[in-house]
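Take a look at the structure set out below.
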Amino acid sequence: MPINPTDLQHPGAAHVDSYWAATAGPEVEGAAPVDSDREVDVAIIGGGYTGLSAAYHLGREHGISAHVLEANRIGWGCSGRNGGFCSIGIGKDDFGDWVRRFGLDPAKQIFEQGREAVRSVQRILVAEKLEVDRSPEGGLELAHRPNRIGEMAVRQRNLKELFGLDCRLLSKSELDQGYLVSREAHGALIHDEGFALHAMKYSRGLARAAQRHGAALHGASPVLEWRRDGKRHLLQTPGGSVRARQVVIAGNGYTGDRLHPATNGRLLPVLSNIIVTRELSQAERESVNWRSYLKIWDSRRLLFYYRLLPQNRVLFGARGGIDDTPGTTGTRRHGWSGGSPKCSPRWPRWRQNISGAAGSASRATRTPISAASRTVPSTTPWPIWAPVWRWRHIAGACLRGGLQEDPMAR
Ligand SMILES: Cc1cc2nc3c(=O)[nH]c(=O)nc-3n(C[C@H](O)[C@H](O)[C@H](O)COP(=O)(O)OP(=O)(O)OC[C@H]3O[C@@H](n4cnc5c(N)ncnc54)[C@H](O)[C@@H]3O)c2cc1C
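Just so you know, the sequence shown maps onto residues 40 to 449 in this note's numbering.
Written out as structure tokens, the structure reads:
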């Protein structure tokens, strides 16, 4: 069964039943649906990090009051459901891939942009005083097989010498003693850039900050049709039309092919998953010596990522395929909660301890995410601005909402 990301004919859908939705506090107020025809300067389609950040920066830096049109609730898409890893990586490619494809200087520029993206989230958090359950700074990349350590040593040297990232290698015994014990942790690269946050607290905080800087947010306002009206764009929502001078498409993997030719055929929704366990007891954590609240990911191409949340729950994430049936969802959940032999090698006592937590009282979310045809973020040509992310990017989406050249200010 193909993935059906959102039903524009039934707008205003509730958030999926996730740990984030249950712990994020109240919804954003003042996000009523469009209820009459209106003329606006900038319309933004999509109320996730990209759309909200674009609205925030347009208001704060240029005094433009953007109108955000969200089909469901603010933060309903990936921005309310992700793992919360705010990292400097951009797109799907690795730093080494960039050097090979583009050369060293462009690769350094991309890297710096990734850093700047993380800093932009930090700046928003501080300037707007947002409380998002931040983790400590930094992250651990685990060598999930012994033969990955050699590659990791090369990466460490390159990241340090070419990109100026202060990172070092940890041995298996350092990992076991100071971070966690796992059969899939044979060494690690540790650095102190990036952090993790509560996905939905951040999207709501960003939404409120955008409102404070003049943005108008509209939930339950899907753009059903888009026509040109002279030099203007006419966006049709169920409650009225929005006539805009400029439009940002920030619909991610939910955009669909029919909205505008600019995004037609450029996005493939694929499933991504996270599971959050109940709180682990101290004995359960000690059984794998899990001491660190740093974000962790492994050296797989389609990586596993996990972290301890502040309340000592485990958040575990992985990719989830391109078909969406009750069967595939059940299989995934069974695998993660320790029912599958695939799960047990990761932690020696996973089955007895942590898998009990995952199986007994956990929340799992399967969510479409956009897999763009290109492996690096891209945008459609001006004047339609449609940033396209491949897999991730919390931080990239927040770097002025992908409006790298501030075209709106022209
Ligand atoms: C399970 C999972 C884990 C992830 N983990 C991480 C992570 O740890 N770190 C990281 O950096 N990234 C992660 N990501 C990716 C990250 O969440 C996304 O890159 C980011 O949230 C994209 O934000 P966005 O605003 O572009 O899109 P979204 O948040 O998906 O928002 C798009 C919105 O557009 C709306 N929309 C679509 N079409 C229309 C229309 N016609 N009219 C009106 N509204 C419309 C949708 O309803 C939706 O709310 C993860 C994603 C998933 C699914």
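Ideal Cβ positions, reconstructed from N, Cα and C, are used throughout, including at glycine.
Pairwise C-alpha distance: GLU151 and ALA82: 30 Å
Alpha-carbon spacing of GLY217 relative to ASN328, whole angstroms: 8 Å
Identity of the residues DSSP links to ARG282 by a beta bridge: GLU78 and LEU273
GLU264 (DSSP reduced to helix, strand or coil): strand
Exposure label - SER75; buried when at least 16 CB within 10 Å: exposed
Neighbour-count burial assignment, ARG337, 16 or more Cβ in a 10 Å radius: In the sequence as presented, Arg is not what sits at residue 337; that position holds Asp. ASP337 should be labelled buried.
Candidates GLU78, ALA110, GLY128 and HIS183: closest to PHE234 by CA position: GLY128
ASN291: CB within 7 Å of a non-hydrogen atom of ligand 1: yes
Straight-line gap, GLU100 to ALA93 (C-alpha atoms, nearest Å): 10 Å
Alpha carbon of PHE343 to alpha carbon of GLY356, nearest angstrom: 6 Å
Sufficient close CB pairs (3 or more, under 8 Å) joining the region 219 to 234 to the region 178 to 197: yes
Euclidean distance between Cα positions of LYS451 and ALA289: Here the chain has residues from 40 to 449 only, and residue 451 is not among them.
Distance between TYR345 and ILE335 (C-alpha atoms, nearest Å): 5 Å
Any non-hydrogen atom of ligand 1 within 7 Å of SER280 CB: no
Contact test: VAL262 Cβ vs ligand 1 heavy atom, cutoff 7 Å: yes
Per DSSP, cross-strand counterpart(s) of ILE229: LEU179 and ARG207
Own chain, CB closer than 7 Å to VAL281, minus 5 neighbours either side, in chain order: VAL73, ARG77, VAL79, ALA82, HIS106, LEU108 and LEU274
Other residues of its chain near LEU214: CB distance less than 6 Å, five sequence neighbours each side excluded: ALA224 and ALA227
Buried or exposed by the 16-neighbour rule on C-beta atoms within 10 Å, applied to LEU341: exposed
8 Å Cβ cutoff met for LEU263 and LEU47: yes
Span separating the alpha-carbon of ARG243 from that of LEU97: 18 Å
Rounded distance between the beta-carbons of LEU169 and TYR58, thought under 8 Å: Rounded, the Cβ-Cβ distance is 19 Å, inconsistent with contact.
Residue range of the beta strand (DSSP E) that includes GLY356: 353 to 358
Identified DSSP bridge partners for CYS125: PHE234
Boundaries (first-last residue) of the beta strand (DSSP E) holding VAL220: Segment: none, VAL220 is in no beta strand (DSSP E) and carries neither H nor E.
GLY135 vs ARG194 beta-carbon contact at 8 Å: yes
Heavy atom of ligand 1 within 7 Å of TRP115 beta-carbon: yes
Inter-residue CB distance, LEU245 and ILE163 (contact presumed, cutoff 8 Å): 7 Å
Per DSSP, cross-strand counterpart(s) of LEU256: VAL107
ASP337 - containing beta strand (DSSP E), residue span: 334 to 337
Where HIS49 falls, given that 16 or more other Cβ within 10 Å makes a residue buried: exposed
For PRO261 and LEU236, the rounded distance between their alpha carbons: 28 Å
Opening and closing residue of the beta strand (DSSP E) in which LEU347 lies: 344 to 347
Check: GLU232 C-beta below 7 Å from any heavy atom of ligand 1: no
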